[in-house]
């Protein structure tokens, strides 16, 4: 019989990185995500991060046909497992947005849902920067989130986790706005598209967001066809503490709150900056 893992030694915060591979079968995906949250609970994690499109993914393109509301099976399962395991959950999903005249879905919202360990939906981040790049047109299928929406920052065991997703990683002002809202950790659920230099971009950008914001970065990728996987946990000094390959796997790390505060004390670049981030109209 395996020994029960010890809980994190405070002020450390335990984070489970769930690099999942899901498909278009939403029922099967619910079971995959339940298993990931249960594993996080087993190792006594404080929070588990799932990738973008954890509710359903099609490498040919996700659209409104894979959307479901916040009271649908996917988020309901997350809430149930969060309560059962006493673990907060951050997960990418697809929400309904627009309908045509016949009542059929026309576009959707690419979202990240934050569920507290009490099972309450603490917030929803709607992706601001849609992936209209590298030959893709996410805006054909999705409505962008409002740029001036309040930042989504979730308090977990004394650290504040700020949420963005995938393509947002290429925009440093997205990360800075979360840090201005008090984030110590930047969480980036993603389904980072594969292609020339794309895995390199993913790694470099995650490290850059960490260094320039003196914040930890938890970047969790979708595994499978058409995406790179390669989830990362980067410290506020830019050191990569965890890096996965392309395969589905679930790993857990402890983030040291005192070490993060020490980096910010030694490198007060946030205090020294001269410009503010203002959403464009």
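In this note's numbering, the protein residues as written are 4 to 284.
By construction, the Cβ of each residue, glycine as well, lies at the ideal position given by its N, Cα and C atoms.
| Asked | Found |
| --- | --- |
| Length at least 3, wholly inside the stretch 80-135: the beta strand (DSSP E) runs in chain order | 91-102, 108-118 and 124-129 |
| Counted within 10 angstroms of its Cβ, other Cβ atoms place residue 225 as buried (16 or more) or exposed | buried |
| Simplified DSSP assignment, three categories, for residue 145 | strand |
| Every unbroken alpha helix (DSSP H) inside the stretch 11-62 [4 residues or more] | 29-45 |
| Cβ contact check for the stretch 74-87 and the stretch 150-159: 3 or more pairs under 8 Å | no |
| Nearest neighbour of residue 130, chosen from 174, 109, 158 and 157 [CA to CA] | 174 |
| Contact under 8 Å by Cβ, residue 256 with residue 245 | yes |
| Where residue 189 sits in the DSSP three-state scheme | strand |
| Whole alpha helix (DSSP H) elements within the stretch 201-236, 4-residue minimum | 201-216 |
| CA-to-CA distance, residue 265 to residue 70, given in whole angstroms | 42 Å |
| Close Cβ partners of residue 64 (< 7 Å) along its chain, the five nearest in sequence each way excluded | 144 |
| Residues that DSSP places opposite residue 164 in a beta bridge | 157 and 188 |
| Collapsed DSSP secondary structure at residue 138 in the structure displayed | coil |
| Segment limits, beta strand (DSSP E) that includes residue 244 | 243-246 |
| Residue 128 vs residue 166 beta-carbon contact at 8 Å | yes |
| Cα-Cα separation, residue 337 to residue 92 | In the structure as shown, the chain begins at 4 and stops at 284. Residue 337 is therefore absent and cannot be evaluated. |
| Element boundaries [beta strand (DSSP E), containing residue 280] | Where residue 280 is concerned, there is no enclosing beta strand (DSSP E), given that its DSSP letter is neither H nor E. |
| Alpha-carbon spacing of residue 33 relative to residue 97, whole angstroms | 13 Å |
| Buried or exposed (CB count within 10 angstroms, at least 16 for buried), residue 11 | buried |
| Buried/exposed call for residue 22, threshold 16 Cβ in 10 Å | buried |
| Which of helix, strand or coil DSSP assigns to residue 196 | strand |
| Distance, residue 14 Cα to residue 160 Cα | 8 Å |
| Selected residue, minimal CA-CA separation from residue 214, among 249, 6, 199 and 189 | 189 |
| Paired residues, beta bridge with residue 255 - DSSP | 19 |
| Proximity to residue 113 [Cα-Cα], best of 193, 123, 212 and 26 | 193 |
| Outcome for residue 232 when other beta-carbon atoms lying within 10 angstroms are tallied against a minimum of 16 | buried |
| Option nearest residue 56 by Cα separation, candidates 66, 50, 178 and 236 | 66 |
| Straight-line gap, residue 248 to residue 242 (C-alpha atoms, nearest Å) | 17 Å |
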